[in-house]
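Heads up: the structure comes next, in structure tokens.
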Amino acid sequence: IYTNFIRLDMDPNRIIGVMALIQDVTEMRKLENMRTEFVANVSHELKTPLTSISGFIETLKNGAMDNEKVRNRFLDIIDIETERLTRLIDDLLTLSAIENHKLAKKRDEIIIKEIIREMNMMVQALAKQKSITYSTELEANLPPIYGNRDLFKQMILNLVENAIKYTPKNGQVKVLSYKRYDHIFIVVKDTGIGIPKEHIPRLFERFYRVDKARSRKVGGTGLGLAIVKHIVFSFDGDIKVNSKLGKGSEFIVKIPIIE
Ligand code: ADP
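So this is what it looks like as structure tokens:
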């Protein structure tokens, strides 16, 4: 708390009163700290792939170029790291656009069945790579949702991609959607590695990962769930996670139906 005492004296020889201005800066400090931490995180996340890229280029220039096998392996790594940087920047831009409410203002009519159908080919291909069974179960006659269609699709896609990323081979991933009273529920369920209970409250923070090494290995940016949370909130919705370590997780999105 900051306290400022201001003298209320028109005539410097005569004090007519003192005004105390008490300002709570806890919230301001918290925001400022979060911003500083975010910038530090972004810098670190950008720097890691860049260091790796420049390191491999340097090694190539110093002679590794002559060995075809080594050269191809190094080029592959440079390729993967470049892709990671691109994804990271795309995710950062999305996050900042949602936060600025630029994208959230749209009012498209969103038919969930259509969104799921559009995602199907890409998701099936991802699932197939890991022999994961992907299925959907949509209640008939779901009413439409109104908002930014692209964001809505990205929200489901992020959840489904995570479900596939964090589920071992031969597992199952399922998307369900149903209406209960005046809400639409979208549930993304997997039979994956699960999330330790103590991590769940922080899961939606930017760059928060349960297992940094695993996230990196599967190509994660650490921003997927932060984006999901922002999108869900832009629909005035809510998101919950149920998970059992080693058994699987379910992410439950609840969105109000607006007539
Ligand atoms: P990332 O890019 O690392 O996947 P996210 O923001 O999408 O970042 O997710 C944050 C973390 O939450 C992940 O690093 C992972 O540890 C955990 N996580 C997300 N989805 C799942 C899931 N379906 N099963 C298990 N862990 C998950």
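Residue numbers (the UniProt record's numbering): 334 to 592.
Ideal placement from N, C-alpha and C gives every residue a C-beta, glycine not left out.
Note that this is a predicted model, so its numbers are computed, not measured.
In this chain, V551 is not harboured by any beta strand (DSSP E), its DSSP state being neither H nor E.
In this structure, the ligand ADP has a non-hydrogen atom nearer than 6 Å to the beta-carbon of G525. Straight-line measurement puts the Cα of I591 at about 29 Å from the Cα of I533.
The closest heavy atom of the ligand ADP lies 6 Å or more from the beta carbon of A546.
Proximity of the region 475 to 486 to the region 435 to 445 meets the contact definition, three or more beta-carbon pairs being nearer than 8 Å.
Short note on V543: C-beta closer than 6 Å to some heavy atom of the ligand ADP. Between G504 and G525, the CB-CB gap stays under 7 Å. By the Cβ-count criterion, P382 is buried, with 16 or more other Cβ atoms from all chains shown falling within 10 Å of its own Cβ.
About 16 Å separates the CB atoms of K498 and G579; that is not less than 8 Å, and the two are not in contact. Secondary structure note for P534: it is in no alpha helix (DSSP H), with a DSSP letter that is neither H nor E. For S576, the uninterrupted beta strand (DSSP E) run begins and ends at 571 to 577, by DSSP. Per DSSP, the continuous alpha helix (DSSP H) segment holding V372 begins and ends at 359 to 394.
Excluding the 5 residues flanking it on each side, S510 has same chain C-beta neighbours closer than 7 Å at I445, L471, E472, L475, I517, F518, I519, in chain order. Distances between the C-beta of A496 and the heavy atoms of the ligand ADP include at least one below 6 Å. DSSP places S464 outside both helix and strand once states are collapsed to three, so it counts as coil.
Put simply, the backbone Cα of N575 is about 5 Å away from that of E583. Each residue's CA atom was taken as its position, placing V493 and A458 some 12 Å apart.
DSSP places G557 inside the alpha helix (DSSP H), whose first and last residues are 557 to 567. Of the heavy atoms belonging to the ligand ADP, none sits nearer than 6 Å to the Cβ of T381. Taken in chain order, the complete beta strand (DSSP E) segments of 3 residues or longer contained in the region 404 to 458 are 441 to 443.
A buried status is given to S548, since no fewer than 16 other beta-carbon atoms sit within 10 Å of its beta-carbon.
For V493, the enclosing alpha helix (DSSP H) has its first and last residue at 482 to 498.
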